[in-house]
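>
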Amino acid sequence: MHLKKLPIGIQSFSEIITGGYAYVDKTPFIAELVDGGKYYFLSRPRRFGKSLLIDTIDCAFSGRKELFSGLFLDSPESGWDFSMQYPVIRISLAQRINSTAVDLCNYISHIIIREAKKFDYEIFQSYSPGFQLDDLIRHIYQTTGKQVVLLIDEYDKPILDSIEEPIIAGTLRDELKSFYGVIKDLDPYLKFVFMTGVSKFAKTGIFSGLNNLDDITIDTRYSALCGYTQTDLETVFAGYLKDFNPNEVRDWYNGYSWTGESVYNPFDILLLFSKKTFRPYWFETGTPTFLIKLWQSKPRLPAEYDGLIAGDDLLGSFDPKQIRTETLLFQAGYLTIRSFVSNPYEGTWYTLGFPNREVRESFNRQILTLIQDNNEQIPAPTIRNILESGDTDVLRDLFHSFFASIPSDNYRKNQISGFEGYYASVVYTYFASLGYEVIPEDTTNKGRIDLTVKTRSSIWIFEFKVMGIDGSGEKSPLAQIRDRKYAEKYACESKKIYEIGIVFNPETRNIERWEVGIKESADE
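Convert by adding 45 to the 1-based position in the sequence shown; the result is the number in this note's numbering.
#1: Counting Cβ pairs closer than 8 Å, one from the stretch 482-493 and one from the stretch 524-537, do we hit at least three?
#2: Helix, strand or coil: which one does DSSP assign to Ile99?
#3: Please classify Asp296: does DSSP put it in a helix, a strand, or coil?
#4: Is it the case that the Cβ atoms of Gly272 and Phe399 are separated by a distance below 7 Å?
#5: Take Ala449 as the anchor and find which of Glu552, Thr427 and Ala348 has the nearest alpha-carbon.
#6: Considering only the alpha carbon of each residue, which of Ile504, Ser207 and Val194 lies closest to Leu432?
#7: Determine, using beta carbons only, whether Tyr395 and Ile382 come nearer to each other than 7 Å.
#8: Would you call Thr497 buried or exposed, if buried means 16 or more other Cβ atoms sit within 10 Å of its Cβ?
#9: If I follow the unbroken alpha helix (DSSP H) through Pro211, where does it start and stop?
#10: Just tell me which of Leu195, Arg135, Pro311 and Ala105 has its CA closest to the CA of Tyr68.
#11: For Val386, is the classification buried or exposed, using 16 other Cβ atoms within 10 angstroms of its Cβ as the cut-off for buried?
#12: At what residues does the alpha helix (DSSP H) containing Val147 begin and finish?
#13: Scan the stretch 58-99 and note each continuous beta strand (DSSP E) run of 3 residues or more that stays entirely inside, going in chain order.
#14: Could you tell me the distance, in whole angstroms, from the CA atom of Ser244 to the CA atom of Arg429?
#15: Which full runs of the alpha helix (DSSP H) of 4+ residues lie inside the stretch 256-327, going along the chain?
#16: Below 7 Å CB to CB, which residues in the same chain sit around Gly242 once its five sequence neighbours on both sides are set aside?
#17: What's the call for Ile416, buried or exposed, on a 16-neighbour Cβ count within 10 Å?
#18: Would you report the Cα separation of Ile404 and Phe176, rounded to the nearest angstrom?
#19: DSSP three-state call for Lys366: helix, strand or coil?
#20: Here's the rule I'm using: 16 or more other beta-carbon atoms within 10 Å means buried, otherwise exposed. How should Pro347 be labelled?
#21: Does the Cβ of Ala214 have 16 or more other Cβ atoms within 10 Å, making it buried, or fewer, making it exposed?
#22: Would you list the one or two residues that DSSP bridges to Phe507?
#23: Let me confirm a value: Ala139 is counted as buried when at least 16 other C-beta atoms fall within 10 Å, else exposed. Which label applies?
#24: Please report the distance separating the alpha-carbon of Arg21 from that of Phe408.
#25: Quick one: grab the DSSP three-state call for Gly108.
#26: Kindly indicate which residue of Thr474, Ser384, Phe375 and Gly480 has the alpha-carbon position closest to the one of Pro426.
#27: In chain order, which alpha helix (DSSP H) runs of at least 4 residues are fully inside the stretch 390-441?
#28: Take the Cβ of Phe169 as the centre, count every other Cβ of all protein chains shown within 10 Å, and call the residue buried at 16 or more, exposed below.
#29: How about Ile526 and Ile506: do their beta carbons lie closer than 7 Å?
#30: Indicate the three-state DSSP secondary structure (helix, strand or coil) for Thr241 in the structure shown.
#31: Using the beta-carbon count (16 or more within 10 Å), is Met129 buried or exposed?
#32: Would you list the residues sitting across from Pro485 in a DSSP beta bridge?
#33: Name the two residues that bound the continuous alpha helix (DSSP H) containing Phe335.
#34: Within the continuous beta strand (DSSP E) that includes Lys564, where are the two ends?
#35: If I measure Cβ to Cβ from Thr66 and keep anything under 8 Å in the same chain, skipping five residues before and after, which residues do I get?
#36: Going by the DSSP bridge assignment, what does Ser207 pair with across the sheet?
Right, here's the structure in full:
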């Protein structure tokens, strides 16, 4: 079977089609967008295929019919007329610029002057970028009699590059607000407008002059507009997928959702199929330093994000001067929408969580390095062997050493450090960093297990208590596990079950008692 080449790093639609690369057909979405509206905004994390989507739209409106042979847009069902060619203006702010308003204006002006040359038009360089864009679009319409397609990629990149400096970010935001603001008055001359970026800034800021944009970021119909679906892997990449266990691929890389069909990050999938090795490819491309600094200023353990309930105010937009960590985590792709409810009485609420093993494991591992006093960690394979062998004494010693490595400042910064929730969250972070399925507040018909960890060979049930908190230190956490028969929930899994009760001493900030119960099965 001849396999099409993997389009790693290629953002040109024409190069993918003519170069014999595998392509996932996104043209049904393009037909639906054009049929249903005119002004759109889409936010997606980095390396999700936004630039390729922009280029595909460009080729479609430019009438390059030969590139779409065999794709939906070339079918009668699409209703697309390739004989109707429209002039296209492309603006990409992906290049990093110096952090001044002058540099930003010069950068955008350079792009517009370059675009004008495609139409044999000379732009007045003394104009501001907004006036230059206005001038160019009106000229194209007057000389061709056709409306213009305007495609803007990475609209927010200049702001994100300077997000650590609120004053500079605010200045750049104001410049972009002025630039984008001219688009609204150009409506008679525009056929279609599509803008992409990673983040969405407050409407009172950058989009206040462009309030006719249809934000399709959290829209069930367009959840799979960027990214690969499970069906895509089983069809377009079937020849590559056959070399892997599909369930392992899904566990590692699937799970991104914006209230609709879940998708894989294309960057991960292409590198997995190329290198034949499971790695956190997307995560390794770099976590923004600002995100780490923001987390350190308001530390919150990963367990608190997994299952976080959020409203539109948290997910919709943010202000550079008042950024919430949760908002940035969602928009940057570290959290995704697991489920949502919407009704006329309470509005819409979303349940967030880590999308997959890659992000959950990598993010938790990164947080571990931040909360410890040193970066000396026991290799993950060693810890997995401890769990699989059921050596509870070694596991106790390992956690005792781990809690001893957490500096006192990390306890003071965390408001719940005196309660069992903090210790449970730290243990969650530890196990999640190893790639295990970890269930905090695991619900049973007798109550809630503080923490459940599933390994290949066993189930670990943890109950936590803290000495001196409402007398809880006098209670046996192991007795609670047994009294409430928590293990019964996992009777059908036929695995050995380890019941671990841990009592923490808030003064030593470490383990005071370690209670162990072992069952060959939940029925014992």
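Just so you know, even glycine gets a beta-carbon here, dropped at the ideal spot from N, CA and C.
Per the coordinate set shown:
#1: yes
#2: DSSP places Ile99 within a helical segment (H, G or I) once states are collapsed to three.
#3: Residue state, collapsed to three classes: helix.
#4: no
#5: Looking at the Cα atoms, Glu552 is the closest of the given residues.
#6: Ile504
#7: Yes, the Cβ-Cβ distance between Tyr395 and Ile382 is below 7 Å.
#8: Buried: at least 16 other Cβ atoms inside 10 Å.
#9: Pro211 to Gly226
#10: Pro311
#11: exposed
#12: Ala146 to Lys162
#13: Counting only runs of 3 or more residues that sit fully inside the stretch 58-99, the beta strand (DSSP E) segments are 84-88, in chain order.
#14: 37 Å
#15: If we require 4 residues or more, the alpha helix (DSSP H) runs fully inside the stretch 256-327 come out as 275-280, 283-286, 291-298 and 311-320.
#16: The residues are Ser88, Glu199, Tyr200 and Asp201.
#17: buried
#18: Position check: residue 404 holds Val in this sequence, whereas Ile was assumed. Straight-line Cα distance between these residues: approximately 43 Å.
#19: In the structure shown, Lys366 adopts coil according to DSSP, grouped into three states.
#20: Buried is the call here.
#21: Flag for Ala214 reads buried.
#22: Answer by DSSP bridge pairing, in chain order: Leu496 and Ile545.
#23: Label assigned to Ala139: exposed.
#24: Only positions 46 to 569 of the chain appear in the structure, and residue 21 is not among them; the question remains open.
#25: coil
#26: Gly480
#27: Those alpha helix (DSSP H) runs which fall completely within the stretch 390-441 and span 4+ residues are 402-416 and 425-434.
#28: exposed
#29: yes
#30: strand
#31: Met129 comes out exposed.
#32: Leu496
#33: Thr334 to Ser342
#34: Asn555 to Lys564
#35: Reading off the sequence, residue 66 comes out as Tyr, not Thr. Lys49, Lys50, Leu51, Pro52, Ile55 and Glu60.
#36: Paired residue(s): none; Ser207 is not in a bridge.
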